[in-house]
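One structure is given below, encoded as structure tokens.
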Amino acid sequence: MKFAWVIGTLVSTRKAEGLEGVKFLIVQPLDERRLPSGEPYVAVDATRQAGLGELVFVVASREAALSLDESFVPVDAAIVGIVDDVHAPLLPEEE
Amino acid sequence: MYLARVVGNVVATIKHPFYEGRKLMLVQRLDLDHKPTSTYDVAVDDVQAGVGDFVLVFDEGTGARQILQAGNTAPVRAVIVGIVDETDICESS
Chain A
3 MKFAWVIGTL VSTRKAEGLE GVKFLIVQPL DERRLPSGEP YVAVDATRQA GLGELVFVVA
63 SREAALSLDE SFVPVDAAIV GIVDDVHAPL LPEEE
Chain B
397 MYLARVVGNV VATIKHPFYE GRKLMLVQRL DLDHKPTSTY DVAVDDVQAG VGDFVLVFDE
457 GTGARQILQA GNTAPVRAVI VGIVDETDIC ESS
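So the sequences go chain by chain: A and B. The first sequence begins at 3 in our numbering and counts up by one. The second sequence begins at 397 in our numbering and counts up by one.
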């Protein structure tokens, strides 16, 4: 799973079957130091509680669809946790 | 599977039910010279790894669910499945 910041919300009324009631958020992928790295993308919020600006972790590919109640859906990224703390003593600080 | 070093712990109270009670660790993939690469992961620990440990990370959903006996709808991929003592790479002549 990877870290990401929630930077936006997305609403879609006409969408693939099975996605009714699913919450979409726009996230900015982060590296291991939680610094932005890569292009923002859309993830479903399997916790249903993530909000703007929160640090989350995201599971990708088939596992993303499995995180939802209806798991045979076209979903390839899902927020499965909201990070309270990362204790990473071995990550060298920025040079 | 790939070689990695555990560089930290990740704490999250609000999370998908599968992750309740599971230890989440921040792992950084290593190259064959055990130097960190730019690839990292938040993995579920299954072998009581500690920060600083040199570990083996398994990164495939179906297998992860079997290893963790987590039923076939658990949204998990990366699992720490071993603590590595040493590697021995023979240089090609």
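Using N, Cα and C, we set each Cβ at its ideal position, and we do this for glycine too.
Coarse secondary structure for residue i, derived from DSSP in three states
i, result
"isoleucine 485 of chain B", "coil"
"threonine 433 of chain B", "strand"
"glutamine 462 of chain B", "helix"
"arginine 425 of chain B", "strand"
"phenylalanine 74 of chain A", "coil"
"glycine 467 of chain B", "coil"
First and last residue of the uninterrupted alpha helix (DSSP H) at residue i
i, result
"arginine 401 of chain B", "Per DSSP, arginine 401 of chain B belongs to no alpha helix (DSSP H); it is in the beta strand (DSSP E), 398-407."
"alanine 18 of chain A", "It is not in any alpha helix (DSSP H) - alanine 18 of chain A carries neither H nor E in the DSSP assignment."
"alanine 80 of chain A", "Alanine 80 of chain A -> not in any alpha helix (DSSP H); beta strand (DSSP E) instead, spanning 79-84."
Selection from the options that minimises the alpha carbon distance to residue i
i, options, result
"valine 451 of chain B", "B/Thr458, B/Ala474, B/Arg461", "B/Ala474"
"isoleucine 485 of chain B", "B/Asp429, B/Val407, B/Asn405", "B/Asp429"
"serine 39 of chain A", "A/Ala45, A/Asp47, A/Gln30, A/Val46", "A/Gln30"
"valine 440 of chain B", "B/Thr483, B/Ser488, B/Val403, B/Val472", "B/Val472"
"lysine 419 of chain B", "B/Gln444, B/Lys431, B/Phe454, B/Ile410", "B/Gln444"
Own chain residues within Cβ distance below 8 Å of residue i, not counting five before or after
i, result
"leucine 93 of chain A", "Glu34, Arg35"
"phenylalanine 26 of chain A", "Thr11, Leu12, Val13, Ser14, Val44, Ala45, Val46, Asp47"
"phenylalanine 74 of chain A", "Gly20, Ala67"
Cβ shell of residue i (< 6 Å), same chain only, five flanking positions each side left out
i, result
"arginine 425 of chain B", "Tyr398, Ala400, Thr433, Thr435"
"aspartate 481 of chain B", "none"
"aspartate 449 of chain B", "Val402, Ile479"
"valine 423 of chain B", "Ala400, Val402, Asp437, Ala439, Val453"
Chain-order list of residues whose beta-carbon lies under 7 Å from that of residue i (same chain, five-residue window excluded)
i, result
"aspartate 78 of chain A", "Ala62, Ser63, Ala66"
"proline 42 of chain A", "Ile9, Ile28, Val29, Gln30"
Nearest-angstrom Cβ-Cβ length linking residue i and residue j, presumed shorter than 8 Å
i, j, result
"glycine 55 of chain A", "valine 85 of chain A", "That pair is no contact at about 12 Å."
"glycine 404 of chain B", "proline 91 of chain A", "7 Å"
Start and end residues, beta strand (DSSP E) containing residue i
i, result
"leucine 37 of chain A", "That residue, leucine 37 of chain A, is in no beta strand (DSSP E); it is neither H nor E in DSSP."
"leucine 92 of chain A", "Run containing leucine 92 of chain A: none; DSSP gives neither H nor E here."
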